[in-house]
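In UniProt numbering, the protein residues as written are 1 to 265.
The C-beta atom is built at its ideal place from N, Cα and C for all residues, glycine as well.
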């Protein structure tokens, strides 16, 4: 399949852990890839060589600048694509933004991207990268938590720890995306990965990978957390995205939603 063109797809947030690995696999599968990175006037020398040096990238990878707080900026990257993998999510590591600002940026940015997909007239399916955070926080004693379960936003608002805004934003964004897709008859599939670990090509050690390595390096505090945490491999996440894009039957009546969970025993 490598070397055989299968059309052009867009991957948002291309410099991230999951998105960069997804680009790697999409190129291997023979796709032309448009990817977006955040525009930052203070970061004109951002190193993207780990993307541009991928096999096939020189011929089949284009990098565009786009920002979730400017949804129209994604239009040029999406134009002419047959599919879009929306992986990007706003991350505020220094807490400069309020919870509502983070939520609004995620929701409005995602809806803007979905509108660009409709406007393109060429996008056949959108695969949205959600999170297990959208299904696991509900303060209910459930025997099974799966893709049909939703986290309780009001319950999550009572959390007083770093990351609560992320969980709330992902939940509200996925709900909004599914509602938009149903209203506008857009073919949308959402993927719900748990804590992702495995190989990576992006600079720096991804937080979830650091967590999984704690069992090797002896971080006792993190190991205790890992005992109750579901993990999924990077390759499984990337391959699931590609499979769900290519599989005609992935679309479900309520919008295709698929959970990727691997619990370490």
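**Asked** Just reading off the beta strand (DSSP E) that residue 125 is part of, what are its end residues?
**Response** If you number the chain shown from 1, residue 125 lands on position 125. In this chain, the beta strand (DSSP E) harbouring residue 125 covers 125 to 129.
**Asked** So what's residue 83 in DSSP terms, helix, strand or just coil?
**Response** Locating residue 83 in the chain shown gives position 83, counting from the first residue. DSSP, reduced to helix, strand and coil, places residue 83 within a strand of the structure shown.
**Prompt:** Quick one: what's got a C-beta closer than 8 angstroms to residue 54's C-beta in the same chain, skipping five residues either side?
**Reply:** What you label residue 54 is simply residue 54 of the chain shown in a count that begins at 1. Result list for residue 54: 23, 24, 27, 61, 201, in chain order.
**Request:** Would you grab the beta carbon distance between residue 114 and residue 126 for me? Rounded to a whole angstrom, and I think it's under 8 angstroms.
**Result:** Start at 1 with the first residue of the chain shown, and residue 114 comes out as number 114. Start at 1 with the first residue of the chain shown, and residue 126 comes out as number 126. So it is a contact: roughly 6 angstroms between Cβ atoms.
**Message:** Pull the bridge partners of residue 68 from the DSSP assignment, please.
**Reply:** For the purposes of this step, residue 68 is taken as the residue at position 68 of the chain shown. Residue 68 is not bridged to any residue.
**Item:** residue 56 burial status per 10 Å Cβ neighbour count (16 or more: buried)
**Value:** Numbered from its first residue, the chain shown carries residue 56 at position 56. Taking all protein chains in view, the Cβ of residue 56 is crowded by 16 or more other Cβ atoms within 10 Å, so the residue is classified as buried.
**Asked** Thinking C-beta only, is residue 84 closer than 7 angstroms to residue 117?
**Response** Position 117 of the chain shown, counted from the start, is the residue given in the question as residue 117. Position 84 of the chain shown, counted from the start, is the residue given in the question as residue 84. Yes, these two residues count as a Cβ contact at 7 angstroms.
**Message:** For residue 246 and residue 12, I'd like the C-alpha separation in whole angstroms.
**Reply:** Walking along the chain shown from the start, residue 246 turns up at place 246. Walking along the chain shown from the start, residue 12 turns up at place 12. For residue 246 and residue 12, the distance between alpha carbons rounds to 18 angstroms.
**Complete beta strand (DSSP E) runs within the region 138 to 188 (minimum length 3 residues, chain order)** = Residue ranges of uninterrupted beta strand (DSSP E) with 3 or more members are absent from the region 138 to 188; none lies entirely inside it.
**Request:** State the start and end residues of the unbroken alpha helix (DSSP H) segment that holds residue 11.
**Result:** For the purposes of this step, residue 11 is taken as the residue at position 11 of the chain shown. No alpha helix (DSSP H) holds residue 11; the beta strand (DSSP E) holding it covers 8 to 11.
**Prompt:** Which of the three DSSP states, helix, strand or coil, is assigned to residue 37?
**Reply:** For the purposes of this step, residue 37 is taken as the residue at position 37 of the chain shown. Of the three classes helix, strand and coil, the one that applies to residue 37 here is strand, per DSSP.
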